[in-house]
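**Q** My structure is below; once you've seen it, I'll send some questions.
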Amino acid sequence: MTIVFPFTAIVGQDEIKLALMVAAIDPTVGGVLIFGDRGSGKSTAVRALAALLPKMRVVAGCRYGCDPADINALCTDCRAKTKGGVKSTLVPVPVVDLPLGATEDRVVGALDLERALAHGVKAFEPGLLARAHRGFLYIDEVNLLEDHLVDLLLDVAASGENVVEREGLSVRHAARFVLIGTGNPEEGDLRPQLLDRFGLLVEVRTSNDLQTRVEVVRRRDAFERDPVSFVANWEKQTARLRRRIVAARERLPTVALEQITLERAAKLCIALGTDGLRGELTLIRAARAVAALEQHSAVSDSHLRLVAPLALRHRLRRNPLDDAGSSARVERAVTELFGP
Amino acid sequence: MNQGSPAPKSPWTDATLVACVVAVDPTCGVVVKASAGPVRDQWLILVRGLLPRTMPWRRVPLHATDAQLLGGLDFAATLAAGRPIAERGLMAEADGGMLVLAMAERMTGLAAARFAAVLDHGAVVLERDGLTLRTPARFGVIALDEGAGGEERPPPAVLDRTAFHIDLGGIAFKDTSDHSCDAGEVAAARALLQHVRHSAESVDALCAAALALGIGSLRAPLFALRAARGLAALAGRIEVVPDDAAAAARLVLAPRATVFPLSERPPQVASEDKLPPDPHGSKTDDANQDAASESTHPLNDIVLTAAQAAIPAALLAQLQLGPAARLRAPSAGRSGAARSSPQHGRPVGVRNAARLDGNRLNIIETLRAAAPWQRLRRDPDGRAPSGDLKSGIAIRCQDFRVTRFKQRAQTTSIFVVDASGSAALHRLAEVKGAVELLLAECYVRRDQVALVAFRGRGAELVLPPTRSLVRAKRSLAGLPGGGATPLAAGIDAAARLADAIRRKGQSPLVILMTDGRANIARNGDPGRARAEADAVLSAQQLRMVGAATILVDTSPQPTSLAARLAGEMGARYLPLPHVDAVGLSNAILGLPALASRELSAR
Numbered sequence: 000m001t002i003v004f005p006f007t008a009i010v011g012q013d014e015i016k017l018a019l020m021v022a023a024i025d026p027t028v029g030g031v032l033i034f035g036d037r038g039s040g041k042s043t044a045v046r047a048l049a050a051l052l053p054k055m056r057v058v059a060g061c062r063y064g065c066d067p068a069d070i071n072a073l074c075t076d077c078r079a080k081t082k083g084g085v086k087s088t089l090v091p092v093p094v095v096d097l098p099l100g101a102t103e104d105r106v107v108g109a110l111d112l113e114r115a116l117a118h119g120v121k122a123f124e125p126g127l128l129a130r131a132h133r134g135f136l137y138i139d140e141v142n143l144l145e146d147h148l149v150d151l152l153l154d155v156a157a158s159g160e161n162v163v164e165r166e167g168l169s170v171r172h173a174a175r176f177v178l179i180g181t182g183n184p185e186e187g188d189l190r191p192q193l194l195d196r197f198g199l200l201v202e203v204r205t206s207n208d209l210q211t212r213v214e215v216v217r218r219r220d221a222f223e224r225d226p227v228s229f230v231a232n233w234e235k236q237t238a239r240l241r242r243r244i245v246a247a248r249e250r251l252p253t254v255a256l257e258q259i260t261l262e263r264a265a266k267l268c269i270a271l272g273t274d275g276l277r278g279e280l281t282l283i284r285a286a287r288a289v290a291a292l293e294q295h296s297a298v299s300d301s302h303l304r305l306v307a308p309l310a311l312r313h314r315l316r317r318n319p320l321d322d323a324g325s326s327a328r329v330e331r332a333v334t335e336l337f338g339p
Numbered sequence: 000m001n002q003g004s005p006a007p008k009s010p011w012t013d014a015t016l017v018a019c020v021v022a023v024d025p026t027c028g029v030v031v032k033a034s035a036g037p038v039r040d041q042w043l044i045l046v047r048g049l050l051p052r053t054m055p056w057r058r059v060p061l062h063a064t065d066a067q068l069l070g071g072l073d074f075a076a077t078l079a080a081g082r083p084i085a086e087r088g089l090m091a092e093a094d095g096g097m098l099v100l101a102m103a104e105r106m107t108g109l110a111a112a113r114f115a116a117v118l119d120h121g122a123v124v125l126e127r128d129g130l131t132l133r134t135p136a137r138f139g140v141i142a143l144d145e146g147a148g149g150e151e152r153p154p155p156a157v158l159d160r161t162a163f164h165i166d167l168g169g170i171a172f173k174d175t176s177d178h179s180c181d182a183g184e185v186a187a188a189r190a191l192l193q194h195v196r197h198s199a200e201s202v203d204a205l206c207a208a209a210l211a212l213g214i215g216s217l218r219a220p221l222f223a224l225r226a227a228r229g230l231a232a233l234a235g236r237i238e239v240v241p242d243d244a245a246a247a248a249r250l251v252l253a254p255r256a257t258v259f260p261l262s263e264r265p266p267q268v269a270s271e272d273k274l275p276p277d278p279h280g281s282k283t284d285d286a287n288q289d290a291a292s293e294s295t296h297p298l299n300d301i302v303l304t305a306a307q308a309a310i311p312a313a314l315l316a317q318l319q320l321g322p323a324a325r326l327r328a329p330s331a332g333r334s335g336a337a338r339s340s341p342q343h344g345r346p347v348g349v350r351n352a353a354r355l356d357g358n359r360l361n362i363i364e365t366l367r368a369a370a371p372w373q374r375l376r377r378d379p380d381g382r383a384p385s386g387d388l389k390s391g392i393a394i395r396c397q398d399f400r401v402t403r404f405k406q407r408a409q410t411t412s413i414f415v416v417d418a419s420g421s422a423a424l425h426r427l428a429e430v431k432g433a434v435e436l437l438l439a440e441c442y443v444r445r446d447q448v449a450l451v452a453f454r455g456r457g458a459e460l461v462l463p464p465t466r467s468l469v470r471a472k473r474s475l476a477g478l479p480g481g482g483a484t485p486l487a488a489g490i491d492a493a494a495r496l497a498d499a500i501r502r503k504g505q506s507p508l509v510i511l512m513t514d515g516r517a518n519i520a521r522n523g524d525p526g527r528a529r530a531e532a533d534a535v536l537s538a539q540q541l542r543m544v545g546a547a548t549i550l551v552d553t554s555p556q557p558t559s560l561a562a563r564l565a566g567e568m569g570a571r572y573l574p575l576p577h578v579d580a581v582g583l584s585n586a587i588l589g590l591p592a593l594a595s596r597e598l599s600a601r
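So the protein lines, in turn, are chains A and B.
The first sequence lines up with residues 0 to 339 when you count with numbering that gives the first Met the number 0.
The second sequence lines up with residues 0 to 601 when you count with numbering that gives the first Met the number 0.
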């Protein structure tokens with residue numbers, strides 16, 4: 000296991016951090032897409048997630064990462080074993096990297112070639128989707144991934160289930176994960192349909208503030224020279240943030256959502272002319288996650304304001320040539336509705 | 000022997016210095032711009048000689064497949080052994096050594112992204128062919144850039160992840176004899192490297208210089224810092240001195256500059272950190288740099304001056320021209336270049352193929368199909384049927400699987416725009432508007448667009464084929480107008496591009512916007528008659544390419560000139576005397592179908 004740069008040591012990039020934490024608190028917001036400049040720390044932030052999040056409980060030895068607490072959702076393997084009670088272990092939340100050049104058989108899973116060739120056994124070998132269950136699936140350079148793979152991933156991410164029908168195998172298993180994509184807009188755009196399927200869109204730029212940049216370089220350099228002690232130095236802060244996330248998850252179901260807040264969110268979406276209802280749903284869910292993170296008992300305007308650009312900027316019916324406009328439009332609508 | 004001296008030296012001396020630093024810290028990659036020849040060979044020999052003999056040194060061919068690069072299933076070994084055997088790719092083999100990328104300027108964005116992922120991870124993560132492997136792969140990159148024009152550059156992902164960008168272009172072979180360091184010194188420096196310390200001020204100075212030069216990526220100052228440490232180690236020091244920082248800025252930062260620092264200094268940098276001793280310039284936040292407040296200024300200046308003095312002349316000229324010329328600064332993306340080769344289309348599944356009929360066998364799927372039957376196909380005593388080797392796998396022709404590809408005929412629309420004085424006055428704005436509308440349409444269909452403009456003495460490929468709307472819009476907005484009308488050159492450029500696109504298996508669609516008038520001949524001489532005759536010749540040649548063509552007559556009164564030209568090039572003629580942007584784009588929409596029709600008819 001390689002040592003990754005700690006999440007808490009990332010300088011600035013508050014929007015990335017917020018979006019990832021929201022997705023960690025409430026996975027139902029849908030995926031997170033991070034678009035931005037080269038060398039702005041997109042991948043660093045995503046890869047740091049695994050070390051940040053609290054470990055999760057899985058059925059020991061389960062290839063699909065079943066949750067022992069959820070007896071009804073166990074996979075067939077586990078169900079066969081549960082007669083004498085389930086043994087469980089704690090594992091880090093999976094943040095599975097989907098490398099470019101991955102083939103479809105490894106993504107969805109396929110016939111286990113080794114067992115088939117050596118023993119003539121027809122067995123299913125789970126793929127990356129099974130490994131990402133209950134965690135995150137990360138695609139770097141999402142706009143370079145082949146279209147058919149992207150379609151497949153989005154489909155599974157939306158349905159939460161992976162259905163494999165190939166080579167005479169018929170397997171279905173749960174695959175609930177949060178899709179995280181990063182990309183550079185200069186390499187090409189994503190299709191609008193695809194954009195809409197990501198819950199939150201973060202736009203990042205490298206900071207132009209000298210002090211921030213110096214601090215980034217310093218920390219990165221310190222990390223590269225001695226990763227072990229660097230991570231140890233940040234462990235305390237990481238643990239504090241981890242506790243906040245755990246607390247927020249527990250608080251989430253109790254956060255109140257008042258009628259007036261729902262109306263506010265709807266008004267905002269109407270003012271912006273977003274397509275469909277996915278924008279409103281994401282906006283509400285993300286705002287609730289933020290309220291939980293900030294230990295509030297109800298969602299308020301300030302939470303909506305904070306997440307509105309993340310949840311809505313990629314859903315405006317827009318002129319695709321208008322490259323800078325959407326964030327500004329969201330800001331404007333928010334100001335008009337909520338006051339300056 | 001004295002690598003530490005700060006003054007800029009001859010290009011070869013700098014190149015050898017880079018070779019030494021790369022040999023000390025191989026993970027500082029380098030892009031070498033030079034045509035293939037003795038000078039480049041000499042440089043490569045130098046680097047190789049400075050590295051330990053045992054260090055792997057692999058050369059990556061341009062069109063290396065994923066299997067070659069990343070590794071995959073070793074088919075022969077798998078069949079022989081009867082169990083899956085993985086094969087290491089080039090990147091895994093180069094672990095702890097050097098990878099030389101041949102013709103990096105022609106590398107696709109996809110291949111570059113694979114390199115970037117491995118460089119960032121330090122490992123090859125393989126999810127292919129039923130294998131899941133993670134192999135360490137820490138290597139240095141030497142990317143050979145043989146690009147001729149400004150457009151041909153290695154992909155930005157590679158440029159961003161290499162420390163040095165050197166140009167051996169102007170160096171004569173006779174100047175390449177002297178070497179300033181030997182392998183022994185480099186080995187000593189390599190051992191020393193991990194003990195080298197740097198001051199906080201040198202970090203400040205390098206970050207400030209990067210910012211002042213308009214370098215967005217934070218990898219640049221990080222690389223500069225590593226280079227500075229490498230330089231210090233080479234000089235036998237365990238402390239980075241200002242000279243090291245200055246040399247690092249010169250070697251790492253200068254070639255990446257996107258603005259000329261004197262004219263466009265970011266305000267807070269200018270006021271806080273850049274001006275030498277200023278009585279009121281005391282820091283607002285001394286927390287980070289306690290005692291350094293006074294001494295940083297000279298260092299910052301030294302570093303920035305060194306970088307500034309070393310900005311390559313061509314880049315300097317571009318920077319001083321201002322934003323319009325900077326459009327094609329090195330950071331611009333390049334998505335369009337041959338993203339998928341014709342054999343690769345979109346795989347839409349696998350089918351049985353008892354006969355291959357020229358299709359490529361999908362080995363993995365074939366093995367998968369055969370695997371469940373192995374028991375049954377063997378003799379009761381466990382041996383393979385007669386004729387097969389005893390441990391082999393029995394594959395029957397009904398197991399053969401081939402991948403079906405769905406080749407979406409991708410269209411690349413080439414806009415050829417007359418940006419000369421005559422057209423610019425009344426038409427250029429409308430043409431720009433129309434092109435923007437068409438771009439939006441291309442975006443929806445995922446077509447690529449390219450933009451050729453002709454004015455003054457020649458034609459220029461303003462935008463190579465791309466899907467990036469942001470880029471297209473930017474280059475269009477920055478398109479200058481004015482000058483003479485070299486129509487023939489414009490048509491020639493379009494024909495060349497259309498031909499190149501055809502060769503890639505895509506369908507080109509040429510949209511020529513002109514009034515048919517020309518006053519610059521092919522050879523660059525002025526003269527209306529000659530120029531128009533040349534334009535007709537060029538039009539005939541464009542017809543030979545066989546691309547679908549549309550000629551939009553932009554003159555206020557339709558003339559026979561443009562109509563005749565359209566006839567010569569077999570183009571559809573659209574006289575639009577009073578066209579506005581919307582009208583123009585409406586007229587052209589729907590026509591791209593033309594491109595695919597023509598292609599299928601051939």
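For each residue, glycine too, the CB sits at the ideal point set by N, CA and C.
In this text the structure is predicted, and so the values were computed from the model without any measurement.
In angstroms, rounded to a whole number, what distance separates the CA positions of B:Q609 and A:L193?
**A** Absent from the structure is residue 609 of chain B, since the part of chain B shown begins at 0 and ends at 601.
**Q** Is the beta carbon of B:L564 less than 8 Å from the beta carbon of B:G515?
**A** Here residue 564 of chain B corresponds to residue number 565 of the second sequence, with the count starting at 1. Here residue 515 of chain B corresponds to residue number 516 of the second sequence, with the count starting at 1. If you check the CB distance, B:L564 and B:G515 come in under 8 Å.
**Q** Between which two residues does the alpha helix (DSSP H) carrying B:A142 extend?
**A** Position 143 of the second sequence, counted from the start, is the residue given in the question as residue 142 of chain B. No alpha helix (DSSP H) holds B:A142; the beta strand (DSSP E) holding it covers 139-144.
**Q** Let me know if B:I214 comes out buried or exposed under the rule of 16 or more other beta-carbons within 10 Å of its beta-carbon.
**A** For the purposes of this step, residue 214 of chain B is taken as the residue at position 215 of the second sequence. So B:I214 ends up on the buried side.
**Q** Who are the Cβ neighbours of B:H197 in its own chain at under 7 Å, not counting the five residues just before and after it?
**A** Mapped onto the second sequence, residue 197 of chain B falls at position 198. L224, A227, R228, V239, listed in sequence order.
**Q** Please check the pair A:A23 and A:I244, which I expect to be a contact at CB under 8 Å, by giving their CB distance rounded to whole angstroms.
**A** Along the first sequence, one-based indexing puts residue 23 of chain A at 24. Along the first sequence, one-based indexing puts residue 244 of chain A at 245. Yes, A:A23 and A:I244 are in contact; Cβ-Cβ is about 6 Å, under 8 Å.
**Q** Using the DSSP secondary-structure output, state which residues sit across from A:F229 in a beta bridge.
**A** Taking the first sequence and counting its residues from 1, the one referred to as residue 229 of chain A is at position 230. Its beta-bridge partners do not exist; DSSP assigns none.
**Q** Quick check on DSSP: helix, strand or coil for B:V117?
**A** In the second sequence, the residue the question calls residue 117 of chain B occupies position 118. Of the three classes helix, strand and coil, the one that applies to B:V117 here is helix, per DSSP.
**Q** Could you say which of B:I310, B:L143, B:D524, B:A33 lies nearest to B:G457 if we only look at CA atoms?
**A** Translated into positions along the second sequence, residue 457 of chain B becomes position 458. Checked all of B:I310, B:L143, B:D524, B:A33; the closest Cα to B:G457 is B:D524.
**Q** Going residue by residue through the region 31-84 of chain A, where are the continuous alpha helix (DSSP H) segments of at least 4 residues, counting only ones entirely within it?
**A** Taking only runs of at least 4 residues, the alpha helix (DSSP H) segments lying wholly in the region 31-84 of chain A are 41-46, 48-51, 75-80.
**Q** With A:V85 and A:P67 assumed to form a contact (beta carbons below 8 Å), what rounded beta-carbon distance in angstroms separates them?
**A** The sequence position of residue 85 of chain A within the first sequence is 86, counting from 1. The sequence position of residue 67 of chain A within the first sequence is 68, counting from 1. With a Cβ gap of about 5 Å, A:V85 and A:P67 count as contacting.
**Q** Given 7 Å as the limit, tell me if A:G134 has its C-beta closer than that to any heavy atom belonging to the ligand HEM.
**A** This structure lacks the ligand HEM, and indeed carries no ligand of any kind.
**Q** Report yes if the C-beta distance between A:V329 and A:A307 is below 8 Å; otherwise report no.
**A** Translated into the one-based positions of the first sequence, residue 329 of chain A becomes position 330. Translated into the one-based positions of the first sequence, residue 307 of chain A becomes position 308. Result yes, Cβ atoms of A:V329 and A:A307 sit closer than 8 Å.
**Q** Quick one: using the 10 Å Cβ neighbour count with 16 as the cut-off for buried, is B:A476 buried or exposed?
**A** Within the second sequence, the letter at position 477 stands for residue 476 of chain B. Result: exposed.
**Q** Within 10 angstroms of the Cβ of B:C396, are there 16 or more other Cβ atoms? Answer buried if so, exposed if not.
**A** As a working mapping, residue 396 of chain B is identified with position 397 in the second sequence. Exposed is the call here.
**Q** What does DSSP give as the partner residues of B:A56 in its beta bridges?
**A** The sequence position of residue 56 of chain B within the second sequence is 57, counting from 1. Looking at the sequence shown, residue 56 of chain B is not Ala but Trp. In the DSSP secondary-structure assignment, B:W56 is bridged to B:M97.
**Q** Smallest Cα separation from B:A452: which of B:A433, B:L436, B:L486, B:A520?
**A** Against the second sequence, residue 452 of chain B aligns to sequence position 453. The residue with the shortest Cα to Cα distance from B:A452 is B:L486.
**Q** Against B:I362, what residues of chain A qualify as contacts under a CB-to-CB distance less than 8 Å, listed in chain order?
**A** For this step, residue 362 of chain B is matched to residue 363 along the second sequence. Residues of chain A passing the Cβ test: none, with the nearest at roughly 11 Å.
**Q** Which whole-angstrom value describes the C-beta separation of B:R470 and B:L462, a residue pair presumed to lie in contact below a C-beta threshold of 8 Å?
**A** Walking along the second sequence from the start, residue 470 of chain B turns up at place 471. Walking along the second sequence from the start, residue 462 of chain B turns up at place 463. Going by Cβ atoms, the distance from B:R470 to B:L462 rounds to 7 Å, so yes, they are a contact pair.
**Q** Please give the ranges of any alpha helix (DSSP H) in the region 265-339 of chain A, keeping only runs that are unbroken, at least 4 residues long and fully inside the region.
**A** Segments of the alpha helix (DSSP H) lying fully in the region 265-339 of chain A: 277-292, 300-311, 324-337.
**Q** Three or more beta-carbon pairs under 8 Å between the region 54-63 of chain A and the region 204-216 of chain A, yes or no?
**A** no
**Q** Can you list, in chain order, the residues of its chain with a C-beta nearer than 6 Å to that of B:V416? Leave out the 5 residues immediately preceding and following it.
**A** Locating residue 416 of chain B in the second sequence gives position 417, counting from the first residue. Counting only Cβ-Cβ distances below 6 Å, and skipping sequence neighbours, we find V430, A452, M512.
**Q** Could you pull the start and end residues of the beta strand (DSSP E) that B:R456 belongs to?
**A** One-based indexing of the second sequence puts residue 456 of chain B at position 457. For B:R456, there is no enclosing beta strand (DSSP E), as DSSP marks it with neither H nor E.
**Q** Using beta-carbon positions only, say whether B:L78 and B:G129 come within less than 8 Å of one another.
**A** On the second sequence, position 79 is the one that residue 78 of chain B refers to. On the second sequence, position 130 is the one that residue 129 of chain B refers to. Their beta carbons are not under 8 Å apart, which means B:L78 does not touch B:G129 by this criterion.
**Q** I need the DSSP call for A:N161, collapsed to helix, strand or coil.
**A** Indexing the first sequence from 1 puts residue 161 of chain A at position 162. Here A:N161 sits in strand by DSSP.
**Q** Just checking: is the beta-carbon of B:E126 within a distance shorter than 8 Å of some beta-carbon in chain A?
**A** Residue 126 of chain B sits at position 127 when you count from the first residue of the second sequence. Closer than 8 Å to some Cβ of chain A, the Cβ of B:E126 qualifies, so yes.
**Q** How long is the line joining the alpha carbons of B:R160 and A:T27, rounded to whole angstroms?
**A** Looking up residue 160 of chain B in the second sequence gives position 161. Looking up residue 27 of chain A in the first sequence gives position 28. In a straight line, the C-alpha of B:R160 is about 35 Å away from that of A:T27.
**Q** To the nearest angstrom, report how far apart B:Q41 and B:G48 are at their CA atoms.
**A** Taking the second sequence and counting its residues from 1, one reaches residue 41 of chain B at position 42. Taking the second sequence and counting its residues from 1, one reaches residue 48 of chain B at position 49. Using only the alpha carbons, I get a separation of about 10 Å.
**Q** May I have the straight-line CA-CA distance separating B:Q373 from A:A122, to the nearest angstrom?
**A** If you number the second sequence from 1, residue 373 of chain B lands on position 374. If you number the first sequence from 1, residue 122 of chain A lands on position 123. Rounded to whole angstroms, B:Q373 to A:A122 spans 14 Å at the Cα level.
**Q** For A:A8, which residues in the same chain have their Cβ closer than 6 Å to its Cβ, ignoring the five residues on either side in sequence?
**A** For this step, residue 8 of chain A is matched to residue 9 along the first sequence. The answer, listed in chain order, is R218, W233.
**Q** Using the Cα positions of B:P297 and B:T304, report the straight-line distance between them to the nearest angstrom.
**A** On the second sequence, position 298 is the one that residue 297 of chain B refers to. On the second sequence, position 305 is the one that residue 304 of chain B refers to. One alpha carbon belongs to B:P297, the other to B:T304, and they sit about 10 Å apart.
**Q** Starting from A:H118, trace the alpha helix (DSSP H) in both directions and tell me its first and last residue.
**A** What you label residue 118 of chain A is simply residue 119 of the first sequence in a count that begins at 1. Run containing A:H118: 112-118, per the alpha helix (DSSP H) assignment.
**Q** How about B:G142 and B:L100: are their beta carbons less than 8 Å apart?
**A** Within the second sequence, the letter at position 143 stands for residue 142 of chain B. Within the second sequence, the letter at position 101 stands for residue 100 of chain B. One point to set straight first is that residue 142 of chain B is Ala, not Gly, in the sequence displayed. Result yes, Cβ atoms of B:A142 and B:L100 sit closer than 8 Å.
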